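Participant: Quick note, the numbering used here runs 986 ahead of the 1-based positions in the sequence shown.
Take a look at this one; I'll ask things after.
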Amino acid sequence: MSQRPGFYERYSVWILAILVFLLPMVVVGAIKAKGNNRNDVKGWLPLEYPETKTYRFFRENFQGEEFILVSWDGCTMDDPRLELLARKLLPPPEEASRISRTIFFKTAQTGPRAVEQMTEEPLNLDPEEAVDRLTGALIGDIDSPDNQTAEDDSTDTLTEAELDDLQTCLVLTLSDAARANLHGAIDTIKIVAAEECGIPEETIHMGGPPVDNVSIDRAGQTSVTLLFGLSLVVGFFVSWWSLKSKMLVGLVLASGVYSMFASLAIVWYSGYPVDAILLTMPSLVYVATTSGAIHLANYYRDQLAETGVLKGAAGASVRHALLPLSLATGTTAVGLATLAVSVLVPIKMFGIFSAIGVVVSFIILITLIPACLELFPPKLRLGAAGSEEDGDSWRPIEESPWWGVGEWITRHNVSVATICLLVMAGIGYGMTRVESSVQLMRLFSPQARIRQDYRWLEKKLGPLVPMEILIRCDQEKCDLNFLERMELVDEIQREIGELGEVGSSLSTVTFGRSLDVGGGGIGGAV
987 MSQRPGFYER YSVWILAILV FLLPMVVVGA IKAKGNNRND VKGWLPLEYP ETKTYRFFRE
1047 NFQGEEFILV SWDGCTMDDP RLELLARKLL PPPEEASRIS RTIFFKTAQT GPRAVEQMTE
1107 EPLNLDPEEA VDRLTGALIG DIDSPDNQTA EDDSTDTLTE AELDDLQTCL VLTLSDAARA
1167 NLHGAIDTIK IVAAEECGIP EETIHMGGPP VDNVSIDRAG QTSVTLLFGL SLVVGFFVSW
1227 WSLKSKMLVG LVLASGVYSM FASLAIVWYS GYPVDAILLT MPSLVYVATT SGAIHLANYY
1287 RDQLAETGVL KGAAGASVRH ALLPLSLATG TTAVGLATLA VSVLVPIKMF GIFSAIGVVV
1347 SFIILITLIP ACLELFPPKL RLGAAGSEED GDSWRPIEES PWWGVGEWIT RHNVSVATIC
1407 LLVMAGIGYG MTRVESSVQL MRLFSPQARI RQDYRWLEKK LGPLVPMEIL IRCDQEKCDL
1467 NFLERMELVD EIQREIGELG EVGSSLSTVT FGRSLDVGGG GIGGAV
């Protein structure tokens, strides 16, 4: 009586056909997911949080922090390229119809424009007072001999030539088109500045939350490409060192890459945008798949070493490996899924998609490799039949040097377990020394272009990290008139400006006409 063919003997062709059929959709989804990389720190908290609701209220009533600040070496008050760039990026209505490119900006403000507006009706300020009010915001301080901001210098004592030499900038607020395409807005600034205004791109410095988000996007794109390459190289050497078979190593790498692409494709087809944290997920899935694939390949070789029969060896190896692989996959998936309890949206989504990716990689693992082994069994030389020069030779695990290491560990199990517990305790103590930080710039290396730009801008102009403070007056209980409210804002602004953590401040009082106010700050609103 003939034995009934096993599962993989009957369905390997169908399994491979399905995987090949799905491959284009997997690759396209992964590529689109990588290209849809978007990062917005403001979306990290859940919508139901009070902080999120407060922020949304502020955004609905004020422009807030949707600004891009642009400056360059030599961008002074009398630099004609400044006004030219402002008009190119946001042309007057009569010129806008003749421009084919998208208008990404809603307003464009420069130091000279602001001074001109403040010296005209209805404020009629002196130019020196207007410059003094904008110092630290749109206009930088005059440099002291030690290249630090000279806090004691007053624009009242500066000559007209010295005022013209003060560093200034262009501040752009975003239109809806720019919010939908931040990369396009940033690229447009660089292209227009370089090609139409004669400003070398390497001298341009930009800051602001949109610039931060785009920089994270691009750093994530670079990182995922680097991680993909490193993962392939490390996976190849580890697989070759473990298997010594071109066929098996190829299957291990193929299953790992397929799983990596599938995990990204799932994110794309779910409709969730990929962020910098999610971009690290494919490498995690690749490592988990490679580890399981090496185990499965070794079970296959052990099966051949024991029986010497190719027929049904793939199915038998899966039966032997199914329990340990299932336990490893299950515990890993559950561990990753626990991240879903995090209140930070990127962390939560990373845990969910990573858990799904690990489970999908397990399915690929027990279908792709056994099906290929069943249809295209490798030519393996087993035991003494394999020569030392034969790359596909295989010897039982008992002949491996690692067998002796394992026996030594089992003989000294108490000592080894004690050492492991001590190491774990040391690592646990180290975790208590971990410090969290909300400084976005720490996500980048000190040599990153964005950090260099921020250092330059803060040295030349003023602080760039914004914090908005909203003062509410109860219309029924507050009996202050408009002028008294302005005086209250002035007093609060002065108190805030004296805090050591505050570089400068900007409020509606700064643009008033009768209150004695100085100082400014980019992105701040009181």
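We put the beta carbon where it would ideally sit given N, CA and C, even for glycine.
Small disclaimer: the values here were computed from a predicted structure and weren't measured.
#1: Where H1191 and G1126 are concerned, what is the direct C-alpha to C-alpha distance, given to the nearest angstrom?
#2: Would F1053 and L1158 be called neighbours here (beta carbons separated by less than 8 Å)?
#3: State buried or exposed for M987, treating a residue as buried only when at least 16 other CB atoms are found within 10 Å of its CB.
#4: Within its chain, find whatever has a CB closer than 8 Å to the CB of I1252; leave out the 5 residues flanking it on each side and keep chain order.
#5: Quick check on V1157: does DSSP put it in helix, strand or coil?
#6: I need the DSSP call for A1323, collapsed to helix, strand or coil.
#7: Compare the Cα-Cα distances from V1329 to each of F1007, G1029 and P1010 and report the closest residue.
#8: Can you list, in chain order, the residues of its chain with a C-beta nearer than 6 Å to that of I1352? Leave out the 5 residues immediately preceding and following it.
#9: Please list, in chain order, all residues of the same chain as L1111 whose beta carbon is under 6 Å from its beta carbon, the five residues on each side excluded.
#10: Three Cβ pairs or more, each shorter than 8 Å: is that satisfied between the segment 1416-1435 and the segment 1474-1482?
#11: Based on the DSSP secondary-structure assignment, which residues constitute the bridge partners of T1093?
#12: For G1278, report the span of its beta strand (DSSP E) as first-last.
#13: So what does DSSP say about E1454, is it helix, strand or coil?
#14: Hey, P1332 and D1261 are a contact pair by Cβ (cut 8 Å); roughly how many whole angstroms apart?
#15: I'd like the list of long-range same chain contacts for S998, defined as Cβ closer than 7 Å, with 5 residues on each side in sequence excluded.
#16: Determine the extent of the alpha helix (DSSP H) in which M1417 is found, giving its start and end residues.
#17: Can you tell which of W1000, L1450 and L1076 has its C-alpha closest to the C-alpha of E1487?
#18: For T1145, which beta-bridge partners are listed by DSSP?
#19: If you measure between the beta carbons of L1071 and L1168, is that distance less than 8 Å?
#20: Flag this pair as yes or no: are the beta carbons of N1022 and G1206 separated by less than 8 Å?
#21: Rounded to whole angstroms, how far is the Cβ of L1296 from the Cβ of P1363, which I believe are closer than 8 Å?
#22: Check whether the Cβ atoms of F1348 and T1315 lie closer than 8 Å to each other.
#23: Take the Cβ of N1199 as the centre, count every other Cβ of all protein chains shown within 10 Å, and call the residue buried at 16 or more, exposed below.
#24: Quick one: measure Cβ to Cβ for A1283 and L1239, integer angstroms, because I've assumed they're closer than 8 Å.
#25: Mind pulling the alpha helix (DSSP H) runs of 4 or more residues that sit fully within the segment 1001-1076?
#26: Answer yes or no: do A1164 and F1090 have a C-beta to C-beta separation smaller than 8 Å?
#27: I'd like the list of long-range same chain contacts for I1350, defined as Cβ closer than 8 Å, with 5 residues on each side in sequence excluded.
#28: Assuming G992 and G1236 make a contact with CB atoms under 8 Å, what is their CB distance in whole Å?
#29: Taking the alpha helix (DSSP H) that G1193 belongs to, which residues open and close that run?
#30: When DSSP labels each residue in this structure, what does T1353 get in the three-state scheme?
#31: Opposite T1121 in the DSSP bridges: which residues?
#32: In whole angstroms, what separates the C-alpha of A1179 from that of L1485?
#33: Answer with buried or exposed for T1404, where buried requires no fewer than 16 other C-beta atoms within 10 angstroms of its C-beta.
#34: Shorter than 7 Å, the distance from the beta carbon of E1473 to the closest heavy atom of the ligand FMN, or not?
#35: On the three-state DSSP scale, how would you describe L1447?
Facilitator: Taking the definition as stated:
#1: Here residue 1191 corresponds to residue number 205 of the sequence shown, with the count starting at 1. Here residue 1126 corresponds to residue number 140 of the sequence shown, with the count starting at 1. Roughly 14 Å between the two C-alpha positions.
#2: Here the question's residue 1053 lines up with position 67 in the sequence shown. Here the question's residue 1158 lines up with position 172 in the sequence shown. Yes; because the gap between Cβ atoms is below 8 Å, this pair is in contact.
#3: Residue mapping note: residue 987 aligns to position 1 of the sequence shown, counting from 1. Model confidence at M987 stands at a pLDDT of 43, short of 50, so the residue's coordinates are unreliable and nothing is read from them.
#4: Mapped onto the sequence shown, residue 1252 falls at position 266. Hits under 8 Å: G1015, F1339, I1342, G1343 and V1346.
#5: Start at 1 with the first residue of the sequence shown, and residue 1157 comes out as number 171. Three-state DSSP puts V1157 in a strand.
#6: Working through the sequence shown from its first residue, we reach residue 1323 at position 337. Three-state result, A1323: helix.
#7: For the purposes of this step, residue 1329 is taken as residue 343 along the sequence shown, with counting starting at 1. Of the candidates F1007, G1029 and P1010, the one whose C-alpha sits nearest the C-alpha of V1329 is G1029.
#8: The residue you call residue 1352 lines up with position 366 of the sequence shown. The residues are V1304.
#9: Along the sequence shown, read from residue 1 onward, the residue named residue 1111 stands at position 125. Excluding sequence neighbours, L1111 sits near M1104 and T1105.
#10: no
#11: For this step, residue 1093 is matched to residue 107 along the sequence shown. The partner list for T1093 (beta bridge, DSSP) reads T1159.
#12: Your numbering for residue 1278 matches position 292 in the sequence shown. Note, G1278: premise wrong, no beta strand (DSSP E); alpha helix (DSSP H) at M1267 to T1293.
#13: Taking the sequence shown and counting its residues from 1, the one referred to as residue 1454 is at position 468. Three-state DSSP puts E1454 in a strand.
#14: To locate residue 1332, count along the sequence shown from 1; it is residue 346. To locate residue 1261, count along the sequence shown from 1; it is residue 275. With a Cβ gap of about 5 Å, P1332 and D1261 count as contacting.
#15: Within the sequence shown, the letter at position 12 stands for residue 998. Correct list, in chain order: A1357, E1360 and L1361.
#16: As a working note, residue 1417 is residue 431 in the sequence shown. Residues N1399 to M1417.
#17: For the purposes of this step, residue 1487 is identified with residue 501 of the sequence shown, where counting begins at 1. The option with the nearest alpha carbon to E1487 is L1450.
#18: Sequence index remark: in the sequence shown, residue 1145 carries index 159 (1-based). For T1145, which the question treats as bridged, DSSP gives no partner whatsoever.
#19: Numbered from 1 along the sequence shown, position 85 holds the residue referred to as residue 1071. Numbered from 1 along the sequence shown, position 182 holds the residue referred to as residue 1168. No, the pair does not count as a contact, with Cβ atoms beyond the cut-off.
#20: As a first step, residue 1022 must be located in the sequence shown, where it is residue number 36. As a first step, residue 1206 must be located in the sequence shown, where it is residue number 220. No, Cβ-Cβ distance for N1022 and G1206 is not below 8 Å.
#21: Taking the first residue of the sequence shown as 1, we reach residue 1296 at position 310. Taking the first residue of the sequence shown as 1, we reach residue 1363 at position 377. Yes, they are in contact, since the Cβ atoms of L1296 and P1363 sit about 5 Å apart, within 8 Å.
#22: Start at 1 with the first residue of the sequence shown, and residue 1348 comes out as number 362. Start at 1 with the first residue of the sequence shown, and residue 1315 comes out as number 329. Yes. Within cutoff.
#23: Position 213 of the sequence shown, counting from 1, holds the residue named residue 1199. N1199 is buried by the Cβ-count criterion.
#24: In the sequence shown, counting from the first residue as 1, residue 1283 sits at position 297. In the sequence shown, counting from the first residue as 1, residue 1239 sits at position 253. Actually they are not in contact, since the Cβ atoms of A1283 and L1239 sit about 11 Å apart, beyond 8 Å.
#25: 1036-1047 and 1066-1075
#26: Locating residue 1164 in the sequence shown gives position 178, counting from the first residue. Locating residue 1090 in the sequence shown gives position 104, counting from the first residue. Yes. Within cutoff.
#27: For this step, residue 1350 is matched to residue 364 along the sequence shown. Within the same chain, I1350 has close Cβ partners L1005, S1241, Y1244, S1245, A1248 and T1275.
#28: As a position in the sequence shown, residue 992 is number 6, starting the count at 1. As a position in the sequence shown, residue 1236 is number 250, starting the count at 1. Not confirmed; about 23 Å, so no contact.
#29: Here residue 1193 is taken as the residue at index 207 of the sequence shown, counted from 1. First-last for G1193: I1190 to G1193, but that is the beta strand (DSSP E), not the alpha helix (DSSP H).
#30: Within the sequence shown, residue 1353 is the residue found at index 367, counting from 1. Helix at T1353.
#31: Translated into positions along the sequence shown, residue 1121 becomes position 135. Bridge partners of T1121: I1125.
#32: Translated into positions along the sequence shown, residue 1179 becomes position 193. Translated into positions along the sequence shown, residue 1485 becomes position 499. Rounded to whole angstroms, A1179 to L1485 spans 37 Å at the Cα level.
#33: Here residue 1404 refers to the residue found at position 418 when the sequence shown is read from its first residue. T1404 comes out exposed.
#34: Of ligands this structure carries none, so the ligand FMN is not represented either.
#35: What you label residue 1447 is simply residue 461 of the sequence shown in a count that begins at 1. Here L1447 sits in coil by DSSP.
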